[in-house]
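See structure below.
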Amino acid sequence: MIHLTIDDIPVEVEDGVTILEAARKVNINIPTLCFLKEINEMGDCRMCIVEVEGRNNFATSCIQKCEEGMVVHTHTSEVMKARKMILDLILSNHHRECLTCIRSGNCELQALADKYNIKGIEYDGEKGEHEIDDKSPSIVRDFNKCILCRRCVATCKNVQNIGAIECTKRGFDSCISTACDQSLNDVDCTLCGQCIASCPTGALHEKDNTQEVWDMIHDKDTYTIVQTAPAVRVALGEEFGLPIGTNVKGKMVTALKRLGFDKVFDTNTGADFTIMEEANEFINRITNGETMPMMTSCCPAWVRFAEKNYPDLLDHLSSCKSPHQMFGGVLKSYYAKKNNIDPEKIKVISVMPCVAKKFEKTRSEMEADGLRDVDAVITTRELARMIKQHDIEFTELEDDEFENPMGEATGAAAIFGVTGGVMEAALRTAADTLEGKDLKEINYEAVRGKEGIKKASVNIAGKEIKIVVASGLKNARIIMDEIRSGKADYQFVEIMACPGGCIMGGGQPIKSSKIRSTVDVHKLRSDAIYSIDEKSTIRKSHENPVVIEIYKEFFEKPCGHLSHKYLHTEYHEEKKYDF
Amino acid sequence: MANACENCAEKRLIEETRELLSKHEKRRDSLIKILEEVQVKYGYIPKVCQLEISDYLDMPLAEIYGVITFYSRFSLEPKGKYNVAVCLGTACFVKGSKEILEGAKEKLGINEGETTKDGKFSIDTTRCVGACGLAPVFTINDEVYGNATVKKMNEVLDEYMNKE
Amino acid sequence: MKKSLEEINAIRKKMRNELDLRINDNPSCRERHILVCNGTGCTSSKSPKIMERLNELIKEKNIDNVRVVRTGCFGLCSKGPIIIVRPEDTFYSLVKIEDCDEIINSHIIEGKIVDRLLCKDISVGKVNKLDELPFYKKQKRIVLKNCGVIDPENIDEYIAFDGYKALEKVITSMSQDEVIDEISKSGLRGRGGAGFPTGKKWSFVKVEPDGQKYVVCNADEGDPGAFMDRSVLEGDPHTILEAMTIAGYAVGANQGYIYVRAEYPIAVKRLEIAIKQAREYGLLGKGIFGTDFDFDIDIRLGAGAFVCGEETALLESIEGKRGQPRLKPPYPAHSGLWGCPTLINNVETYANITQIILNGAEWYSSIGTETSKGTKVFALGGNVNNVGLVEVPMGTTLREIIFDIGGGIPNKREFKAAQTGGPSGGCIPKQYLDTQIDYESLKSIGSMMGSGGLIVMDDTKCMVNIAKFYLEFTVSESCGKCTPCRIGTKRMLEILTKICDGLGTEEDIERLNDLAKGIVKSSVCGLGQTAPNPVLSTMKYFMDEYLEHVNDHKCRAKECKSLTQIVIDPEKCKGCDLCKKACPVGAISGEKAQVHTINQEKCIKCRSCLQTCPFKAIN
């Protein structure tokens, strides 16, 4: 153990603990800006500087390890002045549009400026002027608000192993840019949106589609159907001050109805269709000796990653569309017909934890009968924005239920929101089908949890099936390289682009660096998801009565002719750099 | 026709780059040496070459772009046929090299880092070419001109202007 | 072919004999060696062509007792191209290609010295021999020992003057600790800037557990106006290879890297040749001198980033990345190249090693001051008569360097300040001319040793403008990683520009001062931490100039254009027309022998006229 004093308080920590962590242990808060635990520990912004007795220069508390006998002062006059200078300098080169900024109220720079009582602009000088990149359907980059903390670069490079963005040029001209300053849309970016989740300011954000959705709602000729992904309900509450991991399904449904959608359905129902199709595709592949392993395809960032990086392995991907796309297809075909609605008038709006879904919906394959499966995608954050815009006191709302019949969903569908969930849901159905029984042991613990790669072997109908679950594209690459080199012997692979799965998606409420380093956000949100599963009366997709009924009435059987038309898709090699 | 030729040129560039790359180990610390060779060979680092390097070293293109834009020796645009570089090392500065730079800018009508429209001249600044004894100094390609004055430089530039 | 120890010794003996006339006077010697400087300075003024011409003439005239030798820098760059004829040591300066015939015909064939080409010194006039020049009198050459003596592209010539003897001694008779001990006792400190004790640095790397370790030579001399490292590499590349190999032996490394600026093509080429030769002789590679010690060296090119002189940025660059400094600790000795223990010293530091090993720590530590031992090479430049490379014992005063060696200020101008340490250093005013130079004394007067640029400034230099010049440099060379350096230096430059444009206020000066102090304390690396030094030191010693700029809108040196008009004093003007000819924009008019005037609208304030006026009529 190491002993030191911080602001005259004795602290005892283990070897290797930083001053920042040690200070937090005794409730001393040191401000940070570029620091993002385990992702970006560079000490570049200089906000976390502290005085260590006996040293000429300030120490960088976010990376400086504690040493025996160290005497640290975190808020001396000199330190405070220096931090203020740093903030003054950052603000002098920042497009200060707080009033109209998408991150106003949830901006780490704004919070610090407030904390350090900055009431004027100390240095007036040249400011960078950069064009905003809003070419992609998913992500907007506004470099004018970038403070060069490089959290996004570290996330893209080290967490996702993509490296689509990098610090370029140098000195005052330094900027974060893509290869040859192209749009994110045209480079190796997968549009996963993890960069947005790590940005402390408004330099990176989702493309806002809320106005489009308002227009659909307010158009009397349009029949709007909204669907929400499983991960949204366990995070939306955070935008209204509720604890992380609160399931707000009931309030969310009430709010959606108040916003004026004609129907409020659950993407989980779509997820049950996905399982029906995917589990059966898997069984077919096994029985017919087709390309193995089969890989899930519900994550559009993962699909884009595969198309750009592993075009030779695309036949491994399940041909299933993702749940909300499938659901859109079902709504505009079966549901429209059944309820006598002109499918041309239906607009399907998906509320997703994801920005890549905005891109997915624009893919040319995502349509049938000349109609787009989904007409608009908004993220959890945008939904919160709409609710606020409608002056709804969210926390005061009564609970309500999704509308029937398309609100009926299983526990299997709910767990789509976490890494391992799709695998588990598919196994539940595949096992029952292959064994021909209603199995009771349906919790596949081996695929649960936050680890990036989870390997397991399950016995189904006397067959050993090797499975692997990966989340985070860095881990996806490891698995893909194994498969490409012929070293892998898996039969079923689940991949989600965001580490931890959709609950940690790029469209979810953004958590500050401090929260991310002190709270296990993933665990809280995923506990909420598993608790939905546990509490569900039906926990296997093939037992969903609505699904059974629709197959009977419309699709006939999974992987049949009509499901191929409405529920399946195909993949093509994409140029990694398209400019 | 023009398009076809462009394709030919690009193809040749790719082939040449691959040839150049084959002499280097597939290690990321080969990058700067590779870029240096490409820069010397073409006077800049064409985009196609960047793509080839990215492929060869299995590095994201953005990272290579980040390295190119960090080091002042590398450029993304071809330089002029005659690159005028004014030394702004301290010894030259103290002897008035700023005036030489201003003079060059005025004479050629371009700023530093720019190339004239006809592609003939570009202006750069350097930090010490090592001829402090001759300060102030400017260079045109590999030729060093010492004890420079604005007038002397104008005369030299006139000579180059009359050259092909 | 790999050479055995005996073979190397045989080469040494034979070559030493052959080359004796290079260092010893020998009136009866029939042979002549014409040494032609091939440093960058003289090369710029065509010395390779001169060599070519001399060789042609020798061949034409069938002269058999003369050898033309390419050498490194002699130091007195402002007199280049320089030729020295040995053994009589005749020093010819400012030689042109056309002069070659006369040198051969008169000096070589007839034995008559070419009087008109002899070097003229500002104080003692024409001199015959190199060592008669005051420029060389107070110098002591340890680092530059071989520069200007040997052909840097010939390993045998290096071997002749005790080359690779230190390596032999180390490998065959000393333990690792004994080597480090010797270096420690010598008192040698890093010549790259901060002056960290070299022996200590070596021992830090040595104590790291065995395994992959590296030795790196920092030859990324980026300080504008400093060129001593380059001169060593160009004039004596083998001494660096030898020293690095010794370091490798001492710390337990078997791979070395020399990180050298690509802008130094001659140095790069000579290093490449030297490495090739050393490998051929088995002085680099596997089993050096028949022992089990392996060591090899590769070159890595710097691509134009001053910050790569910072050791951790340099490591990043060697790894093929953007040269952005790493936060310390961990120090490179613990975690350097690819995370392995790495020893980094700069060129000049390495250039001392072989001499310390051969002559002993005691000899070395007898040179210099209490805290700083040995010599220091300075690149003397700016407003001084003898521009060039000088090597003096630590403790020599600035006055000695500038006035005795440098020959004082040209054009009868007044000395105003000397700048040491480049963009990280400071301006030293007149009252400190008698300070004995060492690491501590320079620091105490607000400057630093730095790599060794020494720029002299006369009273036509505006100190605010000088500070601005250095800031411009730092701003363009900042890597952009940390906030204070990236934005802070830019804001400082903007304030300085405002002051130079006559738009500043006293409040701006205060703001500048606060910013400077904040940047010093909060920046990540040495570049940022020292970037404000030129501002802080000029503020300390020349605050009156700053105040004059903001309060009186006056620049006494008349360098700040917005605050100056260049006018011709009608009392002094003789109408000689020289200014008119010098003016690049035709702003000066006046008949010959009549008083001239300057059209202020046309004038670009380039001051060409000022420099040419023989009557000091222009102000």
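Residue numbers (the working numbering), protein chains in the order written: chain A, 1 to 579; chain B, 1001 to 1164; chain C, 2001 to 2619. Idealized CB from N, CA, C, for every residue including glycine.
- If the five residues before and after residue 1155 of chain B are omitted, its C-beta is found closer than 6 Å to no C-beta atom of its own chain.
- Contact fails between the segment 229 to 241 of chain A and the segment 204 to 220 of chain A, because fewer than three Cβ pairs, one in each stretch, are under 8 Å apart.
- Near chain A, meaning a CB-to-CB distance below 9 Å, the residues of the segment 2461 to 2490 of chain C are 2474, 2475, 2476, 2477, 2478, 2479, 2480, 2481, 2482, 2483, 2484, 2485, 2486, 2487, 2488, 2489 and 2490.
- Restricting attention to beta strand (DSSP E) runs no shorter than 3 residues, the segment 2345 to 2387 of chain C encloses them at 2375 to 2382, ordered along the chain.
- For the C-beta of residue 1032 of chain B, the chain C residues within less than 8 Å are, from N- to C-terminus, 2300, 2301, 2303, 2317 and 2320.
- Classified as exposed, residue 2109 of chain C has fewer than 16 neighbouring CB atoms from the shown chains inside 10 Å of its CB.
- One finds 2044 in chain C with Cβ atoms closer than 7 Å to the Cβ of residue 1144 of chain B, taken in chain order.
- As DSSP reads the structure, residue 177 of chain A sits in a beta bridge with A:166.
- According to the DSSP assignment, residue 2513 of chain C belongs to the alpha helix (DSSP H) that extends over 2506 to 2522.
- At a Cβ-Cβ threshold of 8 Å, residue 2155 of chain C and residue 2281 of chain C count as neighbours.
- The beta carbon of residue 1069 of chain B falls within 8 Å of a beta carbon belonging to chain A, placing the residue at that interface.
- Membership of residue 1138 of chain B in the beta strand (DSSP E) is indicated by the continuous run 1138 to 1140.
- Straight through space, the alpha carbons of residue 2559 of chain C and residue 2592 of chain C are spaced by roughly 28 Å.
- Residue 1034 of chain B counts as buried, since at least 16 other C-beta atoms from the protein chains shown sit within 10 angstroms of its C-beta.
- Residue 263 of chain A has A:225 as its beta-bridge partners, per DSSP.
- Taking 8 Å as the cut-off, the beta carbon of residue 2118 of chain C is found closer than this to the beta carbon of residue 2128 of chain C.
- Using beta-carbon distances, residue 472 of chain A does not count as an interface residue toward chain C, since no partner is under 8 Å.
- Here DSSP, grouped into helix, strand and coil, assigns residue 477 of chain A to helix.
- About 7 Å separates the beta carbons of residue 460 of chain A and residue 435 of chain A, which is inside the 8 Å limit, making them a contact pair.
- If you ignore the 5 residues before and after residue 2530 of chain C, its C-beta comes within less than 6 Å of the C-beta of 2424, all in its own chain and listed in chain order.
- Within the model, the alpha-carbon separation for residue 62 of chain A versus residue 85 of chain A is close to 19 Å.
- Contacts with chain B at 8 Å (Cβ-Cβ) include residue 2224 of chain C.
- Listed by position along chain C, the residues whose Cβ is nearer than 8 Å to that of residue 1009 of chain B form an empty set, because the closest Cβ is around 26 Å away.
- Looking only at B:1111, B:1158 and B:1070, the smallest Cα-Cα distance to residue 172 of chain A is reached by B:1070.
- Residue 355 of chain A sits close to residue 507 of chain A, with the two beta carbons spaced by under 8 Å.
- Secondary structure of residue 2255 of chain C (DSSP, three-state): strand.
- Your pair residue 327 of chain A and residue 227 of chain A checks out as a contact, with CB atoms roughly 6 Å apart and the cut at 8 Å.
- Residues of chain A whose Cβ lies closer than 9 Å to the Cβ of residue 2443 of chain C do not exist; the shortest such Cβ separation is about 12 Å.
- The C-beta of residue 1009 of chain B has fewer than 16 other C-beta atoms within 10 Å across all chains shown, which makes the residue exposed.
- At a Cβ-Cβ threshold of 8 Å, residue 224 of chain A and residue 262 of chain A count as neighbours.
- Under the three-state reduction of DSSP, residue 2468 of chain C is assigned to helix.
- The alpha helix (DSSP H) runs lying completely inside the segment 2288 to 2344 of chain C and spanning 4 residues or more are 2311 to 2318, given in chain order.
- Pairwise C-beta distances place the segment 2240 to 2250 of chain C out of contact with the segment 1136 to 1145 of chain B, as fewer than three of them are shorter than 8 Å.
- Judged by their CB atoms, residue 2446 of chain C and residue 2522 of chain C are not nearer to each other than the 8 Å cut-off.
- For residue 2505 of chain C, same chain residues with a beta-carbon under 6 Å away, outside a window of 5 residues either side, are 2550 in chain order.
- Here residue 2072 of chain C really is in contact with residue 2148 of chain C; their C-beta atoms are around 6 Å apart, less than 8 Å.
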